[in-house]
Every structure is written in structure tokens, then in C-alpha cells.
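Here is the structure we will look at.
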Amino acid sequence: MLLWRSVVGKLWVTILLLVSVVLTILTIMLLQYFERFHTEQAESQLMNNAGLIASLLEGENTQEAAFSMSKDISEQFATKVVVVVNEEEYWFATGELEHDLPVSVFFEDRDLSRVLIEGKTVVTQGDYTFPLNGQEVSDSFMVLGMPIELSPNQTGALYLYQSLEILEGASRQTQHIIYLSAGIAIVLTTIFAFFLTTRITAPLRKMRKASLEVAKGNFDMKVPILTNDEIGLLAIAFNRMARALNTNLTALNQEKEQLSRILSSMADGVITLDREGSVMVTNPPATEFISAWLYEQGYEVEESGSLPKELEELFEKVVREEKEQMGEVDVQGRSWVILMTPLYGQHDVRGAVAVLRDMTEERLHDKLRKDFIANVSHELRTPISMLQGYSEAIIDGIAETEEEKVELVQIIYDESLRMGRLVNEFLDLARMEAGHIQLNIEAINFPDFCHRVLRKFQGVSKEHGIQLIDEINELEAAVYADGDRIEQVLTNLIDNALRHTSEDGSVTLRVESYQDGVRIDIQDTGSGIPEEDLPFVFERFYKADKARTRGRSGTGLGLAIVKNIVEAHNGRISAHSKVNEGTTFSVYLPYVSS
């Protein structure tokens with residue numbers, strides 16, 4: 198079976214079978230030919246000898262010569278010679294022997310008797326019985342009968358016969374020669390077929406080896422061109438195919454890399470789904486979208502086997518209707534518009550590609566444009582109203598005593614300071630957003646730095662019954678940053694966490710190494726931020742519900758300033774929150790800020 202599976206074996210067996218069939222047919226034909234040839238030769242020899250003896254017997258004074266000739270023929274050709282006149286007159290020209298055919302055979306045999314009766318020459322073969330060692334024995338003989346004239350008045354018959362064993366012996370020798378020649382031909386054919394098939398298949402084996410290398414990606418593999426026949430042309434075609442594959446694969450890889458870079462650099466999220474709705478390919482914005490949804494559902498980030506219900510329903514609709522669909526989903530307070538398009542196979546939809554666009558910023562900007570004047574007016578209205586009211590009280594003489602006047606003036610002074618802080622923070626934020634922030638970069642022992650910042654809030658936390666938890670780990674290297682600005686960031690975030698955490702709650706400051714930088718998490722167990730407010734926490738004038746501020750309301754610019762400081766250090770900040778469970782602000786800073 199293994200031999201038949203190879204090209205060498207198939208060619209070898211095919212050639213052997215073909216030659217064997219031809220040799221078999223040729224052997225059968227040769228055996229039949231030589232069998233007829235030997236028979237004809239024997240008949241011709243008997244006929245010639247009979248004619249010579251008959252001519253001698255019919256001549257005058259030549260019978261002794263005929264007997265001598267008969268004896269020579271008998272010794273040389275193993276042929277018996279009998280002259281028969283009638284049943285009573287006959288003689289063996291070669292001498293009477295025990296194994297000679299009885300004369301009665303020549304009269305009783307229908308064919309042989311025609312020589313005497315009809316005077317015809319007869320050649321026949323048959324089995325005849327003769328005495329041998331006192332027993333009757335049968336043997337096959339070829340017998341030739343020829344009529345002769347012994348005298349003008351006397352006719353007779355000349356019979357020559359010989360055993361067919363002589364013919365069979367010659368035939369066996371001929372068969373041996375033919376069989377030996379056929380065997381030698383088979384052996385030579387086997388050697389030649391193996392040599393020929395090996396020469397033919399050697400380039401094919403090299404092509405097989407080269408094709409395996411090409412399948413592994415080694416397109417530099419070339420098949421040597423040894424001949425100019427079809428195999429040589431096949432080798433040329435194979436080498437051209439390898440070059441074409443290398444060129445096409447390089448072009449495909451370049452196109453794939455280009456598409457991958459385009460996909461990763463897109464601001465919109467892209468998710469590719471297969472026929473079953475499983476995620477196949479995502480880009481960074483889409484990964485961020487899925488992570489935010491998993492966090493909202495309480496899953497681990499690694500559990501990415503499911504998608505938002507709205508996205509699944511949209512996918513089912515795309516597969517069912519086989520056309521583009523559009524939807525919208527809100528995740529962690531951010532609004533995503535989804536455009537899903539089917540991917541077609543040969544006969545049906547094989548998947549879909551979803552493009553997710555974060556519309557939060559656009560809607561936020563619309564809201565900011567509408568609310569900016571209202572927010573500024575709201576923030577300035579209270580101190581201006583207080584300044585105006587208390588100034589009118591002094592002008593109208595409502596404050597009669599010196600102490601009352603000093604108290605009113607102090608209130609006016611405090612409100613003016615509050616207005617000044619508001620204006621300064623607004624100007625600082627404007628400068629930061631314009632890129633005019635100045636940083637004094639220096640090496641900071643960040644764990645000690647965080648411990649020092651955390652100690653500032655020990656008194657406030659104890660006063661309100663809030664536990665401050667320290668999870669500050671040692672870092673791999675020093676952090677290069679502006680210490681004053683980073684302290685401003687931590688102070689603002691910890692202060693916000695304390696203000697929004699109820700009694701018996703906790704605020705945790707977690708510091709650890711993360712991706713060639715430091716990650717800072719400020720986690721509280723407070724009231725959390727509503728989902729609809731979460732996208733706006735880093736915008737100007739954002740404030741939590743005053744019912745949760747315990748009377749220490751800020752200006753609403755702190756988190757916007759924090760975000761700009763972090764981004765000025767080439768870092769990033771994010772917020773995750775669940776109502777009544779708490780909020781986590783995460784800040785990432787690289788070890789070296791360029």
C-alpha cells in the first residue's frame with residue numbers, strides 16, 4: 198500500500214505490468230510458433246528422408262544403398278524405416294527391434310492404410326501400442342507413409358516414424374530459452390523502470406520539499422531546473438508561483454498592517470462579530486467601551502464573552518434583515534451611537550461590523566454652551582448679592598455698633614475673597630486649557646510624598662468618622678513631576694472623597710507601579726455619582742448635589758483643574774462610580790514626564 202501511494206511505486210508497477218503483459222503474450226505466441234515450427238521441420242525431414250530412400254529403393258541395384266541410407270537416417274535422426282509390400286511381405290530397413298511398431302498398425306490404422314490402398318502419401322500423429330520387454334506399451338509417434346514401386350509389377354509402401362518425445366524435447370529446450378529470456382527481460386525492465394521512475398520523480402520530490410517550505414512561509418525556496426521537459430517547465434512554474442505568493446503575501450501583510458493601524462488610530466470604536474455574535478476584533482475605543490460596560494455590570498474585565506443587550510439585539514436584527522442598522526446605548530453615563538453593517542459570505546451573512554461613536558462630548562459641548570453663562574452667573578450671583586446687601590446695610594446705618602459694622606465688613610471681605618478665588622481658578626483653568634501651564638519637574642519619592650499628603654486629612658477624617666486607608670506600595674523608580682501640582686491633584690481628589698463619604702465610611706489611597714509609571718486610586722464608599730452626571734465630573738462648574746456636600750461646597754472647577762494638571766504630565770485620569778456604593782478616581786502618571 199505504501200509503495201502504491203508513491204509516484205515511484207505507481208510508475209514502477211505500471212511499467213512492470215505493461216512489460217509483463219507484453220512478454221506474456223509474446224511468450225505464448227512464440228511457444229505456439231516454435232511448436233508448429235518443430236512439427237513442420239520434423240514432417241519436412243521425414244518427407245525428405247522418405248523421398249531419398251524411396252528413390253533408392255525404386256532404382257535398380259540400389260536397395261543395398263537404400264538399406265545403408267536407412268540405417269544412417271535411423272542413427273542420425275532416431276527415425277525408423279519400414280518397407281511394406283503386403284501383410285506378409287515387409288521388412289525393417291533399419292533392423293527389426295523389439296520396440297518397433299507392429300506391421301499390423303500400417304494396415305489397421307485408417308490413415309496409414311490409405312498409403313497401400315489408395316497410393317497416397319500420408320503424414321499423421323497418434324498414440325500407438327508396441328511390445329516392449331514382453332509388455333504392451335503406448336507411445337506417441339509421427340508416421341509418414343509414401344507409396345513406392347519396388348518393381349514394375351510390385352508396389353508397396355515406405356513408412357518412416359519417430360517418437361514425438363524428440364519433438365517435445367526440442368520444444369522444452371525452446372521453452373526454457375523463451376522463459377529465461379522473459380525472466381531476464383523482467384529483471385532488466387525492473388531495474389530500468391526503477392532507474393527511470395527515480396530520475397523522473399527526483400525533481401518531483403524536490404518540488405514536494407519546496408512546497409512544504411513554502412507552506413511554512415519560506416518563499417525564498419527555489420526548485421532547481423535540471424531538464425527542459427515538462428518537469429522542468431513545472432519547476433519554472435513552481436518558482437514563479439512562489440515569487441507571486443511572496444509578492445501577494447507581502448502586499449496582504451502590508452495592507453493588513455495598514456488596516457490595523459487605521460483601525461487602532463480611529464477615534465470611533467470598531468467591533469467585528471462572527472455569525473454567532475462573538476467578538477472577533479476590537480480597537481482601543483471599542484475595548485474601552487466593553488470594559489466600561491463590564492464594570493457597570495459588575496463583571497471582571499477579562500469576562501468579555503458578552504455584549505450589552507442593545508448591541509446583541511441590534512446584531513440579531515442585522516442578521517435577520519440583512520441590512521444596516523443604527524442604535525444607541527448609554528454606558529457609565531456616556532452615550533454611544535452604534536452603526537452596525539452586515540458582512541456577507543457567499544450565501545448569507547457571516548457576521549457584522551459595528552462602529553461606535555462616543556457622542557458624549559458633542560452633547561456635553563452643547564450643554565456647556567447653554568449652561569456656561571448660567572453657571573458663571575450662578576456662581577457670581579451669591580457673593581455679589583451678599584456684597585450688595587451688606588454694603589446697603591452699612592450705608593443705611595442698620596449696623597449701629599462698631600462690632601456689627603466689623604462683622605458686616607468681614608462678611609464682605611470673605612465674599613470678595615471667594616469671588617477672587619473663583620476668578621483665579623477660572624483664569625488658571627483657562628491658561629491650562631490654552632497650554633500655558635508651567636511645570637517645575639523634579640524627582641519625587643512618591644510613597645513618602647503620598648504619606649505626607651494623606652496626613653493632612655487625618656484631622657478632617659477623624660472629625661467626620663471616616664477611615665483613611667493607606668495602601669501605598671514601594672515603586673520601581675522615582676517619579677519626575679511637579680510636586681506642588683501633583684499635591685494639588687491629590688488634595689482635591691481626597692477632599693472630594695471625604696466630602697461625599699458618610700460617617701463610618703472609608704477613603705482608600707492606593708499607589709502601585711503600572712506600565713512604566715505609577716497608578717493612583719482614590720476610592721471611597723460614599724454616595725457615588727449618578728450615571729447621568731458621570732460624564733461631566735471633569736467639566737467646569739460641576740458640583741454634586743448640595744445635600745451630599747455637608748456644607749463645604751466648592752467652586753466646581755477643582756476636577757477640571759485636576760484633569761488638566763494630570764494631562765500636562767502626560768498622564769490620564771478616569772472615574773468609575775455606582776450610586777450608593779462609592780466612587781473611584783484613577784490617575785496614571787509616567788515615571789518620566791516629557
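Position 386 of the sequence shown, counting from 1, maps to 583 under our numbering, and the rest follow consecutively. Cβ atoms here follow ideal geometry from the backbone N, Cα and C, with glycine treated the same way.
How many whole angstroms separate the CB atoms of residue i and residue j, which I take to be in contact at a CB cut-off of 8 Å?
i: D465; j: L540; result: Their Cβ separation, rounded to whole angstroms, is 17 Å, which puts D465 and L540 out of contact at 8 Å.
i: V704; j: L665; result: 6 Å
i: L254; j: V280; result: 7 Å
i: E728; j: G530; result: 5 Å
i: L361; j: F338; result: 6 Å
i: D324; j: D336; result: 7 Å
i: S217; j: I397; result: Not really, about 20 Å apart at Cβ, beyond 8 Å.
i: E493; j: V528; result: 6 Å
i: V759; j: V686; result: 5 Å
When the Cα of residue i is compared with those of the options, which residue comes out closest?
i: F782; options: Y711, E729, N767 and N689; result: N689
i: L347; options: A263, M438 and M418; result: A263
i: I487; options: R472, E507, E473 and D471; result: E507
i: R472; options: S462, L430 and E519; result: E519
i: T538; options: Q522, V528, D527 and V526; result: Q522
i: V776; options: H697, G768 and D701; result: H697
i: Y788; options: T780, I634, S724 and N642; result: N642
i: L584; options: G366, S613, R560 and I592; result: S613
i: A432; options: A441, I422 and A439; result: I422
i: D681; options: G342, I634 and D701; result: I634
i: K406; options: I345, A439 and F392; result: A439
i: M418; options: P644, G429, M404 and E427; result: M404
i: A549; options: S408, E510, I468 and I592; result: I468
i: G702; options: E660, V606 and I669; result: E660
i: R547; options: S699, I691, V476 and V219; result: V476
i: S252; options: F231, M343 and T224; result: M343
i: V620; options: D426, I345, E639 and P580; result: P580
Can we count residue i as close to the ligand SAM, meaning its CB is less than 7 Å from some heavy atom?
i: A247; result: As far as ligands go, the structure on display features none, and thus does not contain the ligand SAM.
Quick check on residue i: does DSSP put it in helix, strand or coil?
i: V603; result: helix
i: P421; result: coil
i: E728; result: coil
i: I775; result: Just to set this straight, residue 775 is Lys in the shown sequence, not Ile. Looking at K775 - three-state DSSP - the assignment turns out to be strand.
i: Y376; result: helix
i: I719; result: strand
i: K453; result: helix
i: A549; result: strand
i: Q242; result: helix
i: M539; result: Note on residue identity: the sequence assigns Pro, not Met, to residue 539. Reduced to three states, the DSSP call for P539 is strand.
i: R769; result: strand
i: Q529; result: coil
i: T598; result: coil
i: Y785; result: strand
i: S501; result: Because the pLDDT of S501 is 47, which lies under 50, any placement of that residue in the model is unreliable, and the number read from its coordinates should be weighed accordingly. Coil at S501, not helix or strand.
i: Y492; result: helix
Out of curiosity, what's the CA-to-CA distance linking residue i and residue j?
i: F735; j: L756; result: 5 Å
i: L636; j: E485; result: 30 Å
i: Y376; j: V320; result: 31 Å
i: V657; j: L695; result: 8 Å
i: S501; j: V210; result: For S501, the predicted model reports a pLDDT of 47, less than 50, meaning its position is unreliable; a value from the coordinates is still stated below. In a straight line, the C-alpha of S501 is about 60 Å away from that of V210.
i: R615; j: P482; result: 40 Å
i: L786; j: N445; result: 44 Å
i: N480; j: M463; result: 8 Å
i: N246; j: S265; result: 13 Å
i: E272; j: S310; result: 27 Å
i: D667; j: S532; result: 35 Å
So, is residue i buried or exposed, given that buried needs 16 or more other C-beta atoms within 10 angstroms?
i: Q229; result: exposed
i: H544; result: exposed
i: Q712; result: exposed
i: H562; result: exposed
i: L385; result: exposed
i: Q238; result: exposed
i: T221; result: exposed
i: V763; result: buried
i: T598; result: exposed
i: I270; result: buried
i: N350; result: exposed
i: N761; result: buried
i: R437; result: exposed
i: M226; result: exposed
i: S774; result: buried
i: T447; result: exposed
i: T373; result: According to the sequence as given, residue 373 is His; it is not Thr. When all chains shown are included, H373 counts as exposed.
i: E673; result: exposed
Does any CB atom of chain D fall closer than 8 Å to the CB of residue i?
i: E519; result: Looking at the structure shown, chain D is missing, and only one protein chain is on hand.
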